[in-house]
Amino acid sequence: MATEYRILRNNMLDYVGSHKEGQFDVPSTLKSYFAGKGITLDEKDLRTVQQIIHEFYHEGIIIPGTKIQVNTINQSGTLHFPHYQLTDYGQNVIDNTEYQPYDPEGYLSRIKTDIPEIDEVIIRYLEEGLSCFRKSLLFAAAVMIGCAAEKGMLLLVEAYGNSLTDPREKQEYEKETKIFIISRKWNALWMRLEPLSPSLPKELREDLGTILERIFDLIRTTRNEAGHPMGKKIEKETMHANLLLFPIFCKRIYGLIRHFSPQ
């Protein structure tokens, strides 16, 4: 019976993380490595592993060949597979294991565990954003993750408004947040939330401006650069960073929603 793709891919990430350079000898080295993990690779698994190796190359996690020694006159290295090296970007991917964008199923499972009440709209945008990121469709990924972040912010804007008890204050807030533009909604919320921050529980007020304002601005700016025909390139490293920051942002959003919602 073939091994689940996600299991093979995650183990291959572990493999290249612990073998930063070397060569892929699928029938022997990798079979032996997986056997040590309690996994017996069949013929279909081996083909999937080969596919994963090529995915790692296209994703910029590895490059083919051996290291070129600049000061060596007669360099005998290669520039092709089966030899490979882990890239600096690949090392960054390996180091960030809590939320792994290259494991969409695990990423989504983790965020649903951390935020059980997370809105289904956020999940749908995340699903497509992660899929686009894996396929290097970076403009599309930026728009999807930006929409997921915006939905979270809209939920917080609404939750805060619902918590207001003074009729005049509530009416003024609703008037300011009725406008469609998300930046105006966010500004209306932040001008009220920031003065309240000292009274918030420690886990909610700590780094509040950084997590809400700066992360949201980063994700929203990337979305705008992708969603408007400005011709600006979206770097893969930027999208990878946005996907690592998104759960931090989303967890704080939902912490505040709980705080402002009726018990």
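Just so we're aligned, residue 38 is where the sequence shown starts under the working numbering, counting upward by one.
Cβ atoms here follow ideal geometry from the backbone N, Cα and C, with glycine treated the same way.
For Gln208, there is no enclosing beta strand (DSSP E); the residue is found in the alpha helix (DSSP H) stretching over 204-214.
Around the beta carbon of Asp82, 16 or more other beta carbons lie within 10 angstroms, which makes this residue buried. Beyond the five residues adjoining it in sequence on each side, Thr214 comes within less than 8 Å, by CB distance, of Val194, Gly198, Arg221, Lys222, Ala225, Leu226 in the same chain, given in chain order. Positions of the beta strand (DSSP E) runs, each at least 3 residues long and wholly inside the segment 112-162, are given as 120-123 in order along the chain. Only exposed fits Pro266, as fewer than 16 other CB atoms lie within 10 angstroms of its CB.
Taking C-beta atoms under 8 Å as the contact rule, Phe61 and Pro119 qualify, at a distance of about 5 Å. For Pro101, the enclosing beta strand (DSSP E) has its first and last residue at 99-101. Annotation: Leu50 to Ile131 spans about 7 Å, alpha carbon to alpha carbon.
For Gly292, the enclosing alpha helix (DSSP H) begins and ends at 273-297. Using a 10 angstroms sphere on the CB of Tyr210, the tally of other CB atoms reaches 16 or more, which defines it as buried. Taking a cut-off of 8 Å on C-beta distances, the segment 122-130 touches the segment 95-103, as three or more cross pairs fall below it.
Excluding five sequence positions before and after Ile290, the CB atoms of its chain that fall closer than 6 Å to its own CB belong to Gly189, Leu193, given in chain order. Per the coordinates, the alpha-carbon of Gly268 lies some 44 Å from the alpha-carbon of Thr66. The segment 152-161 and the segment 176-190 touch, with three or more beta-carbon pairs separated by less than 8 Å. Taking the CA atoms as reference points, His277 sits about 23 Å from Glu58.
In the displayed model, Glu92 falls within a helix according to three-state DSSP. Closest by C-alpha distance to Tyr126, out of Thr202, Leu282, Thr275, is Thr275. Ile248 sits away from Ile294, with the two beta carbons spaced by 9 Å or more. 9 Å or more divides the Cβ of Glu96 from the Cβ of Arg43. Taking all protein chains shown into account, Ala263 has 16 or more neighbouring C-beta atoms within 10 Å of its C-beta and is therefore buried. Here the alpha carbons of Leu145 and Leu237 stand approximately 28 Å from one another.
Where Glu195 is concerned, the enclosing alpha helix (DSSP H) starts and stops at 175-200.
With respect to the C-alpha of Asn279, the residue from Lys68, Tyr52, Asn133 having the closest C-alpha is Asn133.
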